[in-house]
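S.K.: My questions will all concern the structure given below.
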Amino acid sequence: MSDLIVIVYPTEAKAEEVRERLFELQKQYLITLSDAVIATKNDAGKIKLNQLVNTTAAGAVSGSFWGLLVGVLFLNPLLGVAVGAASGALGGAMSDFGINDAFMKELSGSLQPGNGALFVLVKEMTADKVLKEIAGFGGVVLKTSLDETKEQALRDALQKASAAPAS
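Heads up: the sequence shown runs through residues 1162 to 1328, numbered per my numbering.
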């Protein structure tokens, strides 16, 4: 079972810095991520999701390949590529991997413009080591599916980092 963790940072750049650190920790086998998305809200109130995988582009590439293959069989490869790319892009745009986009947009509605919310779907992690690595970045826990003791440990570690510059 995966755990969802959402942490709000003062800027999108800070959220991206934490996401990059989590990727480094994944290379060290301290955490296994299913998804890691950064959500931001602009001054007009529009929510933007910075996802790892652009499913529309991936679908278009895959569709182009299969369209070319089918097109060669029917002696019209250009038409096959065009139809394949269009159908692949449509299929990619309609698919949703990892964290549900509608859920992220709804939860991000409470963000202040300029803030960055890091949505992380964690399969497995060595909690004490990962927490030690990300605590220094600060942030505020918005939502988690962790049990109460783990969630409180996360909140405490992030709060200490946020309070440290003020003292």
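C-beta: ideal position from N, C-alpha, C; glycine also.
Nearest to Ile1168 by CA position, among Gly1297, Thr1287, Asp1289, Gly1277, is which residue?
M.R.: Gly1277
S.K.: Just to confirm, is the Cβ distance from Ala1200 to Ile1208 under 8 Å?
M.R.: yes
S.K.: DSSP has Gly1299 in a bridge; who is on the other side?
M.R.: DSSP lists no partner for Gly1299.
S.K.: DSSP state of Asp1204, grouped into three classes?
M.R.: coil
S.K.: What are the residues that DSSP puts in a beta bridge with Leu1279?
M.R.: Ile1168, Ile1199
S.K.: Using the DSSP secondary-structure output, state which residues sit across from Asn1211 in a beta bridge.
M.R.: Paired residues: Ile1199.
S.K.: So Ser1163 and Val1302 are supposed to be a Cβ contact under 8 Å. How far apart are they, rounded?
M.R.: In this structure Ser1163 is not in contact with Val1302, their Cβ atoms being roughly 17 Å apart against a cut-off of 8 Å.
S.K.: Work out the CA separation of Ala1288 and Ala1205 for me, nearest whole Å.
M.R.: The alpha-carbon of Ala1205 is positioned some 37 Å away from that of Ala1288.
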